[in-house]
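Each number in this note's numbering comes from the position in the sequence shown (counting from 1) with 629 added on.
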Amino acid sequence: MNTKTLFVVLLVAGILGGFALNNSLFNATIEVGAEAPDFTLVDPDGNEFSLSDFEGEKVIVLEFMNMRCDTCKNFEENSLKSYCNDTMPEDVEVISITQTKNADDNELAERTEEMGWDFVKGKEEVTDAFGADRSPTVVIIDKNGIITFSDSGYMSQSELEKEVNAALE
């Protein structure tokens with residue numbers, strides 16, 4: 630094999646290897662049945678909380694969203710808000726994690742007040758750990774910290790309720 634051919638082969642292998650490494654490390658696919666990765670975030674009032682704070686006590690519904698996303702707003706207004714206000718059991722906690730980089734604490738606090746559950750600034754490593762590359766992405770975690778549901782896109786209130794009830798069993 631001549632030097633030029635060897636160089637091209639090594640270059641292509643390096644590019645493909647880097648691409649595979651980048652995808653596997655930074656765009657993880659979260660699996661139903663796996664333990665949810667713990668994280669720590671800060672609410673708009675400056676209070677730190679971790680996912681593990683809820684373990685043993687609450688089923689967690691994580692919504693990875695963008696503040697300007699119409700599908701997210703539609704899901705929040707037509708599914709999450711009714712669920713939270715009408716039928717959500719006391720041992721369920723909803724947390725919306727914004728992927729909007731320039732979302733400010735006042736906007737998040739207003740949204741929290743308006744909708745009735747916590748809206749917090751996300752971190753890229755949290756979004757990546759949950760494979761939430763689309764908005765909205767909903768992840769449901771049971772009281773033992775196990776992921777029972779993960780999907781992207783709009784879901785109806787009845788679909789949400791069904792998946793949360795399955796996590797409560």
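Beta carbons are placed, not taken as given, at the ideal position from N, Cα and C, and that holds for glycine.
How should LEU650 be labelled, buried or exposed, when 16 other C-beta atoms within 10 angstroms of its C-beta is the threshold for buried? Here the model assigns LEU650 a pLDDT of 41, short of 50, so the residue's position is not dependable, and the following value carries that caveat. So LEU650 counts as exposed.
Using a Cβ-Cβ cutoff of less than 8 Å, which residues in the same chain neighbour LEU789 once the five nearest sequence positions on both sides are dropped? VAL690, SER708, LEU709, TYR712 and VAL767
Whether SER764 touches PHE693 by CB criterion (8 Å): yes
Between the CA atoms of ARG740 and GLU706 - distance to the nearest angstrom: 11 Å
I'd like to know whether the C-beta atoms of VAL749 and ILE726 end up nearer to each other than 8 Å. yes
Work out the CA separation of TRP746 and VAL799 for me, nearest whole Å. The structure shown does not extend to residue 799, since the chain is modelled only from 630 through 798, so no value can be given for it.
Using CA atoms only, rank isn't needed, just tell me which of LEU797, ASN794 and TYR783 is closest to PHE704. Nearest of LEU797, ASN794 and TYR783 to PHE704, Cα basis: TYR783.
With DSSP as the reference, identify every bridge partner of VAL671, one or two as the case may be. GLU677
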